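Asks:
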Amino acid sequence: MVAPAKKPYRVIGSRPVRPDGTDKVTGRANYGSDIRLPGMLYGRVLRSPHAHARIVRIDPSKALAHPGVKAVITQADFPAAEDVITDLGETASNLKWLVDNVLASDRALYHGHAVAAVAATDPHVAEDALGLIEVEYEPLDPVLSVHEAMAEAAPRIHPHMHTVEMLARFSPGPRSEHDIPNAASHLRLEIGDLEQGFAEAEIVIEREYETGTAHQGYIEPHNGTALWNESGELTVWLSTQGPFMMRDQLARMLKLPVSKIRVIPMEIGGGFGGKIPMYMEPMAAALSRKTGRPVKMIMQRDEVLLGTGPTSATYVRVKLGARRDGTLTAAEAYLAYEAGAYPGSPVGAGGMCMFSPYSIPHQRADCYDVIVNKPKVSAYRAPGAPAGAFAMESALDELAEQLDIDPLELRQRNAAVDGTRRIDGAAFRSIGNEAVMRAAEESPHWNSELQGENRGRGIAMGYWGNGGLESSAYATVNRDGTVGLVLGSVDIGGQRAALAMQIAETLGIDYEQVKPIVVDTDSIGYTAVTGGSRTTFASGWAVHEAGLEIRRELEARAARIWEVDAALVHYDDDGVIRGPEDRSLSFAEIAGQLHRTGGTVQGKADVMPEGTGPAFACHIVDVEVDPDTAKVEVLRYTAIQDVGTAIHPDYVEGQIQGGAVQGVGMALTEEYVYDDEGRLRNASLLDYRMPTTLDVPQIETILVEEPNPGHPYGVRGVGEVPIVPPLAAIANAIHQATGVRPRTLPASPRVLLEEMLPEA
Amino acid sequence: MSSRIIVSAEINGEPTEFLADERDSLLEALRDRLGLMGTKEGCNNGNCGACAVLLDGRLVNACLVMAAEVDGAQLTTVEGLAREDRLVPVQETFLERGALQCGICTPGFLVAAHALLQEHPRPTEEQVRYWLAGNLCRCTGYDKIITAVLDAADRTDVASG
């Protein structure tokens, strides 16, 4: 279901087949793990069986004596790392911590922390060799939750670390006057006067919420193949969301100039934020340097769950004040997110986003980034926002119940509109928040009657700010009237199509005339990650600019061909160049004449656009809860979202459907289960339970299109916000079905049954 | 060093002989020994379905079959679905419906859907969901995959290939 487009576009809004489609349905597309090079060795990683341990000794001699084993490395094989804050996409991280996370130095800080790596002639031999590397550990007490970690007497995982006051989300300030054990940082976000806000309230509710650790769950394990040649040049083939980000990280860690490193992005099998940090890539590089041969490394699935960054387990306390008519007067939150073993949880985004769908004059959020002995978290789709929204949207549901106001109506009465100030003080402009709520109110789902026992309906909002950042593109006009489009943005879910469509629109040509290609870091200007809901927006800007340059060049060329003043020549949106006396040339006609009239025409652009449009979403869900087993079945699901302009509606809907189902997983079944020693007990896709085809219904989508004035085609990022509302929407539905309010997610049968059967 | 075994099998209609390590899974043999990279590794323990292949017409996860077991067998991988320069309907409908995002699970889904449509040319949505329950997709939420498979079933030439 799509609202009518605001502009009569020719290509945008249609649903063509993606350019890389045929290769991906025939098995021909080359993903990172499909690379094979002559003389290639296979690398594997030895990981700590302890959550927290001093590494006393590593002895690789038996492994090195094993036939077929060519090299073993530890952190001593890398240059010493300085303490520098380095920007890493949506989170910030110190280089020393980044390096220690790749390979442990003196201590292993989580179960699965890499301690050594081996390269051998065969994958089976490499696996055998892992058991021959002797490591002596001295186990230490693990710290496994934010509550344990922040307690007065807690052991400090990083003994020299002090709590830092953040000045803004990504800007660390001075040491805090209130040092809290294992709290890497504190960020306070605030507008208005909280005391005044609560004084004006006629009703106040305060509740606590927790969520478990969840993994992005991309189906393709991390992989990386490196060749460090005799001239000191390093080439890396891999699946990554950010080839340039990977190049930067490798350069910092290996102390190489970026010009010595070439990162070749292969097709990528999912990422959701998790394929931005480096893990095995520097190990493959070091093993290649030691052996003089290319080294390929692929994680096993348990290593993906143990050794890469999931998202934070969280604790959020929220306090809301309102008048009897439902007007919110004050909102306060305390958020403590697990960072894992090194700082960098997305807690600031949690505090930033949770109140943003609403106009609340007085707000405060205190956000703590907390070190625990678990894997260092990384970005996961709208990092930090789902847990904050779970707390806020659940509390709002309770408030609606206590005030006897319809939950959607309560949200509509308090909806943020253009001019409303967010918690960071910035004012919204051109947002679709109210339009989304209206579309929810008018949706078939909301207006249907839910019948049957043990069933309930829930609703929740979500907000995400979306990203901009750098993108590069260039486009070449071919003699046959086609355009070669060269991209720095990795295609993780239809980006080639979405970008080809935008330049086709700019040039007034058919989508099929554009041939997009994704290239490596030596072949195009810096392009930031495919992530942060930025690619269709920012790389879309870049291809549009490249298209405009081609239009200007072709106008000049036509003027020269016709021998007229260039001011009299105009490239029209239908792809026809028109001049005086009814002269005209189609794109294909002028393309065919270029080589005879001055040579090739290219357009190029490097952009770093401001003007990102924030995203709002409203999800409605019906569930049925089995009264005997507390198993929750999702019966019907509708996701409504302001998408700006839907460039390729299939892939916009796909982002929404996929994000919603990941949210269903976080709400119901997905969590890391640790034992008392901090060992992860469910490191497989059987026991870490992601939704299957049998766990979800079809996901209905309603696309609201409020064009973003900050983009030539009105694009807003769409990929992340769909994971924000599902947690609370499902919790609210469970409450309506059972009377039980899930305040700890996932709402597994174990958790729910305890509440449903208090006497049992 | 472990010993090597000669394995003969018909792979995608082609009689094939290869040398497998005695510890090789079928998945490892397909990828590392035969270069058939279309069959993907997602978990290597039977939980994700990315390596689904047809073994004597039966849907199996290649990571759970030993390479030595397929001696004398007929195998179909994703590379063997399209015939004579023509995609089978379910490959076409995956493209038309935007049923893949990253595409890593797609070969496994296509093989499983192909097996389903051979067994049940006109499946219900419930049957589709049942047959594809062994394949994990993390990008799509399954919606467009289900639609694409149901669409493919509506095409008359479904039995071809």
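Taken in sequence, the protein lines are chains D and X.
For the first sequence, the working numbering assigns the number 33 to the initial residue and increments by one for each residue that follows.
For the second sequence, the working numbering assigns the number 27 to the initial residue and increments by one for each residue that follows.
Each residue gets a CB set at the ideal place from its N, CA and C atoms; glycine is no exception.
Note that this is a predicted model, so its numbers are computed, not measured.
Once the 5 residues before and after Thr65 (chain X) are set aside, which same chain residues still bring their CB inside 7 Å of it?
Replies: Closer than 7 Å at the Cβ level, and outside the excluded window around Thr65 (chain X), lie Leu53, Leu56, Arg57, Cys77, Val79, Ala88, Thr103, Val104 and Pro133.
Asks: For the segment 37-103 of chain D, which segments carrying the alpha helix (DSSP H) assignment without a break, of at least 4 residues, lie completely within its bounds, in sequence order?
Replies: With a minimum length of 4 residues, the continuous alpha helix (DSSP H) runs that stay inside the segment 37-103 of chain D are 53-57 and 93-97.
Asks: From the DSSP output, in three-state form, read off Pro548 (chain D) for me.
Replies: If DSSP states are grouped into helix, strand and coil, Pro548 (chain D) belongs with the strands.
Asks: In whole angstroms, give me the CA-to-CA distance for Gly121 (chain D) and Gln281 (chain D).
Replies: Note that Gly121 (chain D) has pLDDT 39, beneath the 50 cutoff, so the model's placement of it is unreliable and the number below is only indicative. Cα to Cα, Gly121 (chain D) sits roughly 11 Å from Gln281 (chain D).
Asks: Could you have a look at Arg489 (chain D) and say whether DSSP puts it in helix, strand or coil?
Replies: DSSP places Arg489 (chain D) in strand when its eight states are reduced to three.
Asks: If you reduce the DSSP assignment to three classes, tell me which class His651 (chain D) lands in.
Replies: Residue state, collapsed to three classes: strand.
Asks: Once you ignore the five residues that flank Asp523 (chain D) on each side, which residues in its own chain have a CB closer than 7 Å to its CB?
Replies: Here the set comprises Asp52 and Val550.
Asks: Kindly confirm or deny that the segment 406-420 of chain D and the segment 337-354 of chain D touch, where touching means at least three C-beta pairs closer than 8 Å.
Replies: Verdict: yes, contact present.
Asks: Any idea what DSSP makes of Pro477 (chain D), helix, strand or coil?
Replies: Sequence inspection shows His at residue 477 (chain D); the Pro mentioned does not correspond to that position. Correct three-state label for His477 (chain D): coil.
Asks: By Cβ distance below 7 Å, which residues in the same chain neighbour Cys165 (chain X) in space, the five residues on each side in sequence not counted?
Replies: If we look at Cys165 (chain X) and ignore the five residues flanking it on each side, its Cβ neighbours are Gln127 and Cys128.
Asks: Taking the CB atoms as reference points, tell me whether Gly306 (chain D) and Ala411 (chain D) lie closer together than 9 Å.
Replies: Contact: yes.
Asks: Taking all protein chains shown into account, decide if Met384 (chain D) is buried (16 or more other Cβ within 10 angstroms of its Cβ) or exposed.
Replies: Per the 10 Å Cβ criterion, buried.
Asks: Run the CB neighbour count on Asn465 (chain D), radius 10 Å, all protein chains shown included, and call it buried at 16 or more, exposed below.
Replies: Burial call: buried.
Asks: Can you pull the chain D neighbours of Pro133 (chain X), defined as C-beta to C-beta under 7 Å?
Replies: Within 7 Å Cβ-Cβ: Gly59.
Asks: Could you give the DSSP three-state label for Lys66 (chain X): helix, strand or coil?
Replies: Coil at Lys66 (chain X), not helix or strand.
Asks: Is there contact between the segment 173-183 of chain D and the segment 197-209 of chain D, where contact requires at least three CB pairs shorter than 8 Å?
Replies: No, the segment 173-183 of chain D is not in contact with the segment 197-209 of chain D.
Asks: Between D:Arg50, D:Trp594, D:Ile235 and D:Ser46, which has its C-alpha nearest Asp617 (chain D)'s C-alpha?
Replies: Reading off the sequence shown, one finds Leu at residue 617 (chain D), where the question assumed Asp. The shortest C-alpha separation from Leu617 (chain D) is found at D:Trp594.
Asks: Per DSSP, which residues does Val167 (chain D) bridge with? Please list them.
Replies: BP columns for Val167 (chain D) point to D:Ile90.
Asks: Distance check for Asn73 (chain X) and Leu718 (chain D), CA to CA, integer angstroms please.
Replies: Computed Cα separation, rounded: 6 Å.
Asks: Please confirm if Glu252 (chain D) has its CB atom under 9 Å from at least one CB of chain X.
Replies: Interface residue, yes.
Asks: So, is Val96 (chain X) buried or exposed, given that buried needs 16 or more other C-beta atoms within 10 angstroms?
Replies: With 16 or more other Cβ atoms within 10 Å, it is buried.
Asks: Within 10 Å of its beta-carbon, does Gln273 (chain D) have 16 or more other beta-carbons around it, so buried, or fewer, so exposed?
Replies: Buried.
Asks: Give the secondary structure of Val664 (chain D) by DSSP, where H, G and I count as helix, E and B as strand, and everything else as coil.
Replies: Looking at Val664 (chain D) - three-state DSSP - the assignment turns out to be strand.
Asks: In the DSSP assignment, what residue or residues form a beta bridge with Phe44 (chain X)?
Replies: Phe44 (chain X) pairs with X:Val33.
Asks: At the level of alpha carbons, what is the spacing between Ala124 (chain D) and Gly564 (chain D)?
Replies: In this prediction, Ala124 (chain D) scores a pLDDT of 46, lower than 50, which makes its location untrustworthy; the coordinate-derived value is nonetheless stated afterwards. The straight-line gap from Cα to Cα measures roughly 14 Å.
Asks: So is Arg220 (chain D) buried or exposed if we call it buried at 16+ other beta carbons inside 10 Å?
Replies: When all chains shown are included, Arg220 (chain D) counts as exposed.
Asks: Can you tell me whether Gln248 (chain D) is buried or exposed? The criterion is at least 16 other CB atoms within 10 Å of its CB, across all chains shown.
Replies: Burial call: buried.
Asks: Applying the 10 Å Cβ sphere with the 16-neighbour rule, what's the burial state of Leu477 (chain D)?
Replies: It is His, not Leu, that sits at residue 477 (chain D) in the sequence shown. So His477 (chain D) counts as buried.
Asks: Enumerated in chain order, which unbroken segments of the alpha helix (DSSP H) with a length of 4 residues or greater are wholly contained in the segment 377-422 of chain D?
Replies: With a minimum length of 4 residues, the continuous alpha helix (DSSP H) runs that stay inside the segment 377-422 of chain D are 379-385.
Asks: Chain X beta carbons: is any one of them nearer than 9 Å to that of Ala536 (chain D)?
Replies: Ala536 (chain D) does not count as touching chain X.
Asks: The segment 466-477 of chain D: which residues have C-beta closer than 8 Å to a C-beta of chain X, in chain order?
Replies: Under the 8 Å Cβ criterion, the segment 466-477 of chain D contributes no residue.
Asks: Would you say Val77 (chain D) reaches chain X, if we count a Cβ-Cβ gap shorter than 9 Å as a contact?
Replies: Output row for Val77 (chain D): interface = no.
Asks: Determine the chain D residues that contact Asn38 (chain X) at a beta-carbon separation under 8 Å, and present them in chain order.
Replies: Near Asn38 (chain X) there are no residues of chain D at all, since even the closest Cβ is about 10 Å away, more than 8 Å.
Asks: Run through the segment 309-372 of chain D for me and flag every whole alpha helix (DSSP H) of 4 or more residues, listed as ranges in chain order.
Replies: Runs found: 313-323 and 333-339.
Asks: Taking the straight line between their C-alpha atoms, what separation do you get for Ser46 (chain D) and Ile679 (chain D)?
Replies: Rounded to the nearest angstrom, the two C-alpha atoms are 7 Å apart.
Asks: Just the C-alpha distance for Arg461 (chain D) and Asp357 (chain D), rounded to the nearest angstrom, thanks.
Replies: Cα to Cα, Arg461 (chain D) sits roughly 27 Å from Asp357 (chain D).
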